[in-house]
Amino acid sequence: METREQRTKMNLEEPGPAPAAAMSDTDSSALQLVGMFARRAAAIIGVYAVGYLGFSPAWLVGGVILSVMREKWRREKATSRELNRAMALSSEHLALAKLQDLPSWVHFPDVERAEWLNKMLKQMWPFVGDYVKDLLKTQWEESLRNTMAGYKLNNFKFDKIFLGDIAPRVGGVKVYTDNIQRSEIIMDVEIFYAGDCRIECSFSRMSAGIKDFTLHGVMRIVYKPLIKTMPLIGGMQVFFLNNPDIDFNMLGVADVLDMPGLSGIIRNVILDTIGSMMVLPNKWPIVLSDQIPTKLVTASQPKGVLRVRLIEGRDLMKKDRNVFGQGRSDPYALIYIGSKQFKTKYIQDTVDPVWNYVCEVSLMRPDGLRARIDLWDWDASSLDKDDFLGRCSLDVAEVVAAGSQDIWVPLEQARSGRIHLKLDWLNLSTDVANIKEQLNEIEDLSAFDHSGLHSAVLTVFIDSATKLPMASRAAAEPSPLVRLALGNTKEATGCKYRTLDPVWEEGFSFPVSNPLTQSLTLEIVDSTTDRRLGHLQLEVKDLLREQDLQVHETPYQLKDSGPVSKIILSAQLRILTHDKVAAKTDPDASLPSAVKETPLAPASTTTAGGGGDVSPPDSRPPADRPEQATGGEHRPEPVPAETREEVETLIQGLSTEAGLRQRKPENPAGKYRLGRVEMTLRYSETRSALIIVVHKISSLPMQGSDIPDPYVKTYLLPDRSEDNKRKTRMIKDQCDPVYDETLEYSGLLNELRIRRLEVQVVSKKTFARNPILGMMHIDMRELDLENGVTRWFDMEPEDRFDS
1 METREQRTKM
11 NLEEPGPAPA
21 AAMSDTDSSA
31 LQLVGMFARR
41 AAAIIGVYAV
51 GYLGFSPAWL
61 VGGVILSVMR
71 EKWRREKATS
81 RELNRAMALS
91 SEHLALAKLQ
101 DLPSWVHFPD
111 VERAEWLNKM
121 LKQMWPFVGD
131 YVKDLLKTQW
141 EESLRNTMAG
151 YKLNNFKFDK
161 IFLGDIAPRV
171 GGVKVYTDNI
181 QRSEIIMDVE
191 IFYAGDCRIE
201 CSFSRMSAGI
211 KDFTLHGVMR
221 IVYKPLIKTM
231 PLIGGMQVFF
241 LNNPDIDFNM
251 LGVADVLDMP
261 GLSGIIRNVI
271 LDTIGSMMVL
281 PNKWPIVLSD
291 QIPTKLVTAS
301 QPKGVLRVRL
311 IEGRDLMKKD
321 RNVFGQGRSD
331 PYALIYIGSK
341 QFKTKYIQDT
351 VDPVWNYVCE
361 VSLMRPDGLR
371 ARIDLWDWDA
381 SSLDKDDFLG
391 RCSLDVAEVV
401 AAGSQDIWVP
411 LEQARSGRIH
421 LKLDWLNLST
431 DVANIKEQLN
441 EIEDLSAFDH
451 SGLHSAVLTV
461 FIDSATKLPM
471 ASRAAAEPSP
481 LVRLALGNTK
491 EATGCKYRTL
501 DPVWEEGFSF
511 PVSNPLTQSL
521 TLEIVDSTTD
531 RRLGHLQLEV
541 KDLLREQDLQ
551 VHETPYQLKD
561 SGPVSKIILS
571 AQLRILTHDK
581 VAAKTDPDAS
591 LPSAVKETPL
601 APASTTTAGG
611 GGDVSPPDSR
621 PPADRPEQAT
631 GGEHRPEPVP
641 AETREEVETL
651 IQGLSTEAGL
661 RQRKPENPAG
671 KYRLGRVEMT
681 LRYSETRSAL
691 IIVVHKISSL
701 PMQGSDIPDP
711 YVKTYLLPDR
721 SEDNKRKTRM
731 IKDQCDPVYD
741 ETLEYSGLLN
751 ELRIRRLEVQ
761 VVSKKTFARN
771 PILGMMHIDM
781 RELDLENGVT
791 RWFDMEPEDR
801 FDS
């Protein structure tokens, strides 16, 4: 069979009709000449117009700089695209030119080649193109037309859909055999795509499109559960482990935005869209059999939470040099874990930065996942690009196995530099007693810069709703969806068109900072009118009173809705803990009986992270389900009286502690009318330190007509040296500032008990001495530091204390 290269060579060597070829060459040369003349004329006219209209020469210089930058950037993109395309076509002599882009099977012996699959994909690709074309035209075009009409971009349609002749290529395949359940198959597939696709669309008399789309990433495919009837696989979960690398060129109106800076915004929008659909922890579920509950495929319980503490860096590269040749940098870090991205603050003028940054991510399956940390030198100029300082990559599975790691990691792709990391893997438990431990740990870490610290994970499965009200009397049936919110995390289900009894069957996970005070808000709205059809608020602490901290397929009456309108959902709360959680002896304990009886594949090692998801017995709407429980349905047993009493006592105690922080003082100004300070003081055994949390100040006095700029300063007496001083940040123009900052003194508990803590509230001044607004001495012997104390302390005049 002739290859593409052979056919191309034969076509080049075959002599065609000479007159036709000559005429074609002449026409082409004429068109090129006209195009060249038009471009030169436009440039000359533009320069003349700048001078004639009196514009500043800076506009001309800026245009030249932008043009040069764009041309250089396009050449770099073209070189990268041609290399990727060469790899997709298996041009080995070109692929070997860049080692880091080689397929994964070259680097990892447990990853296998799949050339047979690549040959199949190549032959199937034209038919895939026809299917995608039909899918976009019939199912997506109308939806996109309605969406863009909301932005005053009317008459959207696809003009051309061509996936090209170059098929995606599988670089390597890895099938996991250890630490998996017997009822599932897990496979990682490395995907390369550097095709010659071209998709064009038009709207509002404008045209746009993309071409030469490239993608590279590792896709995980989970086949679960295995069943005894055809097709032997009940469903699939498809997702990328990390954000894939993508690139593309734009056409038409969008081509104007194809330049440095603006193209990065569009690229990030596309990455965010892909990430929200199918990058861990999000996934694309595919149900293959109607004999299994949909929840087994669409919902997944996280296995645990990865907590990353980026402490500091050392000996980073010097990217900014001054006139004296001395170097410095303004380093910051980007942390990538699955689809999540975190960014630290930049530290000015240093190559030894201290970030003290904490972030957390809940993960379904840590196997095969890598956390990446990129370091950059921040540049104040919007025209200059931030300089790369290096990166490192960590295997999450190693952290899970160790439980905790405190390591210095050298940077890759850098001449020098290393970073200090503390990594913790937190398991999920049903022991309510772990809440206090986690809340104390969150207090300890609150001095760090962070993106949110959590003590628990809430998993919610939205099954369906029944007998929803009409959006309006004259309108058709609503198209409802559910919006969920807990803290700063917001989620939404898909839309179900024209129904009063929607069935969603979608699952979500929410990080919970404090289960005693937070609540989950659910709102059902009509997607066409945005009118609310009903809402519900669930207190997270109510789950602490349930068996196994969960409710299963429970109907809840909706508020501001119909008289019998209900939403059916399952919810499960898990508390974070550093302790190992014992694995269930039966890996299929959570499966319904119909699946349990299925003969599975040969047994492998049972999951080390515990059992699977809580599964409903039937995927039909509640209206069609029998009232009696089936044999496979899981009904939680009542909580024993002794256990319930212990839980109630613990909740009451923790709630009282939390309430102390929110309680208003009886006299906001205090005994001396100088204000009060709310603080928590306790001793941390794990850190061997006195922890002081400054919550807030109430009713500071004004200095004449000046509003104070207060901060809190402390000393552990009798030492008033600079090393013994701790202070909070300054809050400008505030008589009732809120800090919630943590100060810390290291030492043994017996030594700290004999000391006194001096607390000063000072107002910051630019030139004059900073006046002390009030102060106090706290005797450590009077406080229960082991259990912690949260209370208001009255400030006293400075002259009551010896200097």
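Take 1 as the starting number for the sequence shown in full-length UniProt numbering and just add one per residue. Note that CB positions come from ideal geometry on N, CA and C, so glycine has one too. As the structure is a prediction and not an experimental result, all values here were calculated from the model.
* With C-beta atoms as the reference, is residue 496 less than 9 Å away from residue 481? -> Position 496 of the sequence shown, counted from the first residue, corresponds to residue 496. Position 481 of the sequence shown, counted from the first residue, corresponds to residue 481. The answer is yes: Cβ separation under 9 Å.
* Buried versus exposed, by CB contacts within 10 Å (16 or more), residue 781 -> One-based indexing of the sequence shown puts residue 781 at position 781. By the neighbour-count rule (16 or more Cβ atoms within 10 Å), residue 781 is not buried but exposed.
* Identify the continuous alpha helix (DSSP H) that holds residue 124 and give its terminal residues. => For this step, residue 124 is matched to residue 124 along the sequence shown. Per DSSP, residue 124 belongs to the alpha helix (DSSP H) from 115-135.
* Kindly indicate the opening and closing residues of the alpha helix (DSSP H) around residue 298. => Numbered from its first residue, the sequence shown carries residue 298 at position 298. Its alpha helix (DSSP H) spans residues 295-298.
* Over the uninterrupted beta strand (DSSP E) stretch that includes residue 483, give me the two end residues. => By one-based count along the sequence shown, residue 483 stands at place 483. Element bounds for residue 483: 480-486.
* **Buried versus exposed, by CB contacts within 10 Å (16 or more), residue 687** => Taking the sequence shown and counting its residues from 1, one reaches residue 687 at position 687. Residue 687 should be labelled exposed.
* Near residue 340, which residues of its chain fall below 7 Å by C-beta distance, leaving aside the five closest residues on each side in sequence? -> Counting from 1 along the sequence shown, the entry for residue 340 is found at position 340. 361, listed in sequence order.
* Asked: Do the region 287-296 and the region 242-249 touch if we need at least three Cβ pairs shorter than 8 Å?
  -> no
* Asked: Whose C-beta lies closer than 7 Å to the C-beta of residue 462 among residues of the same chain, with five residues either side of it excluded?
  -> Numbered from 1 along the sequence shown, position 462 holds the residue referred to as residue 462. If we look at residue 462 and ignore the five residues flanking it on each side, its Cβ neighbours are 482, 493, 504, 506, 569.
* Exposed or buried, residue 116, counting other C-beta atoms within 10 Å across all chains shown (16 or more means buried)? -> Here residue 116 is taken as the residue at index 116 of the sequence shown, counted from 1. The residue in question, residue 116, is exposed, as its Cβ has fewer than 16 Cβ neighbours within 10 Å.
* Do residue 168 and residue 199 have their CB atoms nearer than 9 Å? -> Position 168 of the sequence shown, counting from 1, holds the residue named residue 168. Position 199 of the sequence shown, counting from 1, holds the residue named residue 199. No, Cβ-Cβ distance for residue 168 and residue 199 is not below 9 Å.
* **Helix, strand or coil at residue 823 according to DSSP, with G and I counted as helix** => The requested residue 823 does not occur in the structure, where the chain is confined to residues 1 to 803.
* Per DSSP, which residues does residue 157 bridge with? Please list them. => Indexing the sequence shown from 1 puts residue 157 at position 157. 202, per the DSSP bridge assignment.
* To do: Take residue 725 and list the residues in its own chain whose beta-carbon comes closer than 8 Å to its own, dropping the five residues that flank it on each side.
  => In the sequence shown, counting from the first residue as 1, residue 725 sits at position 725. Contacts found: 713, 714, 715.
* To do: Select from 736, 249, 572 the residue whose C-alpha is nearest the C-alpha of residue 702.
  => Here residue 702 refers to the residue found at position 702 of the sequence shown. The shortest C-alpha separation from residue 702 is found at 736.
* To do: Give the straight-line distance between the Cα atoms of residue 734 and residue 53, rounded to the nearest whole angstrom.
  => Locating residue 734 in the sequence shown gives position 734, counting from the first residue. Locating residue 53 in the sequence shown gives position 53, counting from the first residue. Cα to Cα, the separation comes out at about 52 Å.
* Asked: Roughly how many whole angstroms lie between the Cα atoms of residue 422 and residue 689?
  -> Your numbering for residue 422 matches position 422 in the sequence shown. Your numbering for residue 689 matches position 689 in the sequence shown. Their backbone Cα atoms lie some 19 Å apart in a straight line.
* To do: Would you decide whether residue 127 is buried or exposed? Buried here means 16 or more other CB atoms lie within 10 Å of its CB.
  => Within the sequence shown, numbered from 1, the residue matching residue 127 stands at position 127. Under this definition residue 127 is an exposed residue.
* Asked: Helix, strand or coil: which one does DSSP assign to residue 148?
  -> Looking up residue 148 in the sequence shown gives position 148. In this structure, residue 148 counts as helix in the three-state DSSP scheme.
* To do: Helix, strand or coil for residue 780, going by three-state DSSP, please let me know.
  => Translated into positions along the sequence shown, residue 780 becomes position 780. DSSP places residue 780 in helix when its eight states are reduced to three.
* Neighbour-count burial assignment, residue 642, 16 or more Cβ in a 10 Å radius -> Start at 1 with the first residue of the sequence shown, and residue 642 comes out as number 642. Because residue 642 carries a pLDDT of 49, less than 50, the predicted location of this residue cannot be relied on, and no value is offered for it.
* Distance CB(residue 728)-CB(residue 711) smaller than 9 Å -> Your numbering for residue 728 matches position 728 in the sequence shown. Your numbering for residue 711 matches position 711 in the sequence shown. For residue 728 and residue 711, yes; Cβs fall inside 9 Å.
* To do: Keeping to the same chain, check which residues put their C-beta closer than 6 Å to that of residue 16; ignore five residues upstream and five downstream.
  => For the purposes of this step, residue 16 is taken as the residue at position 16 of the sequence shown. With a pLDDT of 46 at residue 16, under the threshold of 50, the modelled position of this residue cannot be trusted, and the question is left open.
* Buried or exposed: residue 37, going by 16 or more other Cβ atoms within 10 Å of its Cβ? -> In the sequence shown, residue 37 corresponds to position 37, counting from 1. Exposed, by the Cβ-count rule.
* **Per DSSP, the bridge partner or partners of residue 461** => The count along the sequence shown starts at 1 and reaches residue 461 at position 461. Residue 461 is bridged to 507, 570.
* DSSP state of residue 378, grouped into three classes? -> If you number the sequence shown from 1, residue 378 lands on position 378. Here residue 378 sits in coil by DSSP.
* Which of helix, strand or coil DSSP assigns to residue 138 -> On the sequence shown, residue 138 is found 138 positions in, with the first residue counted as 1. Residue 138 falls in the helix class under three-state DSSP.
* **Separation of residue 41 from residue 48, as counted between CA atoms** => Within the sequence shown, numbered from 1, the residue matching residue 48 stands at position 48. Within the sequence shown, numbered from 1, the residue matching residue 41 stands at position 41. Rounded to whole angstroms, residue 48 to residue 41 spans 11 Å at the Cα level.
* Asked: On the premise that residue 426 lies in contact with residue 304, defined as a C-beta separation below 8 Å, what is that separation, rounded to the nearest angstrom?
  -> If you number the sequence shown from 1, residue 304 lands on position 304. If you number the sequence shown from 1, residue 426 lands on position 426. The pair is a contact, with the Cβ atoms about 6 Å apart (cut-off 8 Å).
* To do: State the beta-bridge partners of residue 869 as determined by DSSP.
  => This structure cannot settle anything about residue 869, because the visible part of the chain is limited to 1 through 803.
* **Within the region 417-446, ranges of the alpha helix (DSSP H) (whole runs, at least 4 residues)** => 434-445
* To do: Tell me residue 392's beta-bridge partners as DSSP assigns them.
  => Within the sequence shown, the letter at position 392 stands for residue 392. Note: residue 392 sits in a beta bridge opposite 373.
* **alpha helix (DSSP H) segment containing residue 753, residue limits** => In the sequence shown, residue 753 corresponds to position 753, counting from 1. Run containing residue 753: 749-753, per the alpha helix (DSSP H) assignment.
* Asked: Between the C-alpha atoms of residue 277 and residue 140, what's the straight-line distance to the nearest angstrom?
  -> Mapped onto the sequence shown, residue 277 falls at position 277. Mapped onto the sequence shown, residue 140 falls at position 140. Distance between the alpha carbons of residue 277 and residue 140: 16 Å.
* Pull up the CB-CB distance for residue 521 and residue 537, whole angstroms please, since I reckon it's below 8 Å. => Residue 521 sits at position 521 when you count from the first residue of the sequence shown. Residue 537 sits at position 537 when you count from the first residue of the sequence shown. That pair is a contact at about 5 Å.
* Is the distance from the Cβ of residue 756 to the Cβ of residue 717 below 9 Å? -> Here residue 756 refers to the residue found at position 756 of the sequence shown. Here residue 717 refers to the residue found at position 717 of the sequence shown. Contact: yes.
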